[in-house]
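This report refers to the structure that appears directly beneath it.
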Amino acid sequence: MKVIGVEVINLLGNHDVSYLTVKPRRYSLQSADGFLSVGRKLLKLNLQIAFQLDDYLISHAGYTQDFDLEDWHFETITENLIDNLDDLEDHVGKARGGKYFLGSPLWADFDHELSCLPNPKYQKQIVGHTPQTKITTVHKGESELVGIDTFTIIPIKRKPFFKEIGSGEILLYDNGTLIPIQVDWQSDEVFNKLNEIFEKNS
Numbered sequence: 176m177k178v179i180g181v182e183v184i185n186l187l188g189n190h191d192v193s194y195l196t197v198k199p200r201r202y203s204l205q206s207a208d209g210f211l212s213v214g215r216k217l218l219k220l221n222l223q224i225a226f227q228l229d230d231y232l233i234s235h236a237g238y239t240q241d242f243d244l245e246d247w248h249f250e251t252i253t254e255n256l257i258d259n260l261d262d263l264e265d266h267v268g269k270a271r272g273g274k275y276f277l278g279s280p281l282w283a284d285f286d287h288e289l290s291c292l293p294n295p296k297y298q299k300q301i302v303g304h305t306p307q308t309k310i311t312t313v314h315k316g317e318s319e320l321v322g323i324d325t326f327t328i329i330p331i332k333r334k335p336f337f338k339e340i341g342s343g344e345i346l347l348y349d350n351g352t353l354i355p356i357q358v359d360w361q362s363d364e365v366f367n368k369l370n371e372i373f374e375k376n377s
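With the first letter of the sequence shown counted as 1, position 140 gets the number 315 in our numbering; the numbers rise by one all the way through.
Right under this line is the structure:
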């Protein structure tokens, strides 16, 4: 995208953060070499916690009433900021099996946390993290919450060795208007390739 002149803003997600804080999790790579290599590569992506797009605050999982935006959330995460990630990484809400009432902007569950108790300071939010069958907009009081995680693949033990959730559609933002765009990804070629990958790992 950068080569063709498109600005790319990479946002940190819950599955990325352990590589930066160097705390392996059940969902991270378990090989030390691979784990450290991913961490180094992630630092080169100029990740940040949030991005402001006109009226919309964009983050991986969203800002519930438990979390306020901090200035450093808009900054590129460097080694100097890694210690700041601890609270965001560990603050997992009950909907995701954690001990807190609501999750952080890396962990908030769209359906059970963000949609119920969004932070009223940020009335328009666009988030991923929680699988949706299609781009989903929820209005809660004055808040407009848009869930865009429309492409999730889950491994299963029998053929086909994966299950997909979501239409795969993407969201286009054009001068204040949000436009869902259908993506034609469901072809035999794609399904066969996915099946090969998951069969090798089963």
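Ideal placement from N, C-alpha and C gives every residue a C-beta, glycine not left out.
Assigned with DSSP and collapsed to three states, TYR238 falls in coil, not helix or strand. By the beta-carbon neighbour count (other beta carbons within 10 angstroms, threshold 16), ASP359 is exposed. Counting C-beta pairs closer than 8 Å gives fewer than three between the segment 198–211 and the segment 231–243, which falls short of the contact rule. Here GLU374 is exposed, its C-beta having fewer than 16 other C-beta atoms within 10 Å.
The segment 309–345 is shown to contain whole beta strand (DSSP E) runs of 3 or more residues at 311–315, 318–322, 327–330, 337–340, in chain order. When DSSP states are grouped into helix, strand and coil, PHE210 belongs to the helix group. According to the DSSP secondary-structure assignment, VAL302 is paired through a beta bridge with SER234, GLY322. In this chain, THR251 is not harboured by any alpha helix (DSSP H), its DSSP state being neither H nor E. Listed in chain order, the non-local C-beta contacts of LEU292 below 7 Å within the same chain comprise THR239, GLN240, LEU277, local neighbours out to five positions each way being set aside. Three or more pairs of CB atoms, one per stretch, sit closer than 8 Å, so the segment 217–232 contacts the segment 247–265. Counted as a single uninterrupted DSSP element, the alpha helix (DSSP H) harbouring LEU260 occupies residues 260–265.
Between THR311 and PHE285, the C-beta spacing is below 9 Å.
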